[in-house]
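In terms of my numbering, the sequence shown has 6 at position 2, counting the first letter as 1, and numbering is strictly consecutive. Note that the Cβ used here is the ideal one computed from N, Cα and C, for glycine as well. Worksheet: one structure, shown below.
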Amino acid sequence: MTRALGDYLRMGAVTLAALAALVATAACVDISIGTSDNPSPVTEPGAYTKFFVHQAIERYDDDGLEETVAYYNTAESVDGDWYVFIADEDRVLIAHAPIPENVGKPLSSDDFKGSDGFHFGNALAEASSGGDWVTYTYLNPNSGDEEQKHSWVVEKDGLIFGSGWYQR
5 MTRALGDYLR MGAVTLAALA ALVATAACVD ISIGTSDNPS PVTEPGAYTK FFVHQAIERY
65 DDDGLEETVA YYNTAESVDG DWYVFIADED RVLIAHAPIP ENVGKPLSSD DFKGSDGFHF
125 GNALAEASSG GDWVTYTYLN PNSGDEEQKH SWVVEKDGLI FGSGWYQR
């Protein structure tokens with residue numbers, strides 16, 4: 005009887021270990037799916053926007069301001085509705101690929117005031133280091149129409165990094 009009990013306990017320990025490994029594996033799979041390193045712009049536009057801005061800040065950290073600004077002033081940096089805009093310490097745009105005429109304009113100018121009267125440029129300029137959402141009406145360069153835009157903006161080293169998507 006002692007031997008049978010010992011075999012049972014050993015088998016139970018093996019089964020318990022196997023079960024624990026299975027649960028751990030399932031948890032890892034669930035976690036990796038739930039915290040995708042590359043969220044979908046279609047199903048997760050908010051998460052994708054934050055990811056897009058985070059990529060810009062990583063580029064800045066790795067390559068410096070000059071290379072980052074040069075990249076985000078190219079068509080190559082645009083992904084559908086998503087593009088990064090960057091303002092310098094004086095809150096003047098230094099990167100804005102889809103509308104290059106905006107480069108050199110201060111966020112305080114009336115060019116960054118919606119048809120509804122909301123001066124979204126001032127709201128963008130006040131971004132925190134933790135990031136903030138700003139919702140406003142703006143010309144969608146892809147459609148040519150004024151649409152509601154949701155932008156995620158982050159202050160880093162005195163610069164403003166932002167991107168957003170248009171709600172249709």
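Determine the burial state of residue i: buried for a count of at least 16 other Cβ atoms within 10 Å of its Cβ, exposed for fewer.
i      : result
Gly162 : exposed
Ala30  : At Ala30, the pLDDT of 34 sits below 50, so the modelled position is not reliable; the number obtained from the coordinates is stated separately. Ala30 is exposed by the Cβ-count criterion.
Thr81  : First, the residue type needs correcting, since residue 81 is Ser and not Thr in the sequence shown. Classification for Ser81: buried.
Tyr87  : buried
Gly108 : exposed
Ser155 : buried
Let me make sure I understand the geometry here. Which of the options has the alpha-carbon closest to that of residue i?
i      : options                          : result
Val96  : Glu48, Asp115 and Ser132         : Asp115
Tyr52  : Tyr170, Asn42 and Gly166         : Asn42
Lys153 : Leu69, Asn106 and Gly125         : Gly125
Tyr142 : Asp66, Tyr76, Gly121 and Val107  : Gly121
Thr78  : Tyr64, Ile103, Gly135 and Val138 : Ile103
Gly134 : Gly50, Lys54 and Asp83           : Lys54
Tyr170 : Glu70, Pro110, Tyr75 and Asp83   : Asp83
Trp137 : Tyr75, Ile98, Gly168 and Asp65   : Gly168
Ile164 : Asn146, Leu111 and Gly50         : Leu111
At the level of alpha carbons, what is the spacing between residue i and residue j?
i      : j      : result
Leu128 : His100 : 14 angstroms
Phe56  : Glu93  : 21 angstroms
Phe89  : Ala131 : 13 angstroms
Val157 : Asp85  : 16 angstroms
Arg172 : Glu151 : 7 angstroms
Lys160 : His58  : 11 angstroms
Gly148 : Glu105 : 15 angstroms
Tyr64  : Ala74  : 11 angstroms
Asn144 : Ile98  : 19 angstroms
Can you round the beta-carbon distance between residue i and residue j to whole angstroms, since I take them to be within the 8 angstroms contact cut?
i      : j      : result
Tyr140 : Gly118 : 5 angstroms
Thr72  : Ala60  : 7 angstroms
Name the DSSP bridge partner or partners of residue i?
i      : result
Ala91  : Leu97 and Ile164
Ser113 : The partner list for Ser113 (beta bridge, DSSP) is empty, contrary to what the question assumes.
Val138 : Ser155
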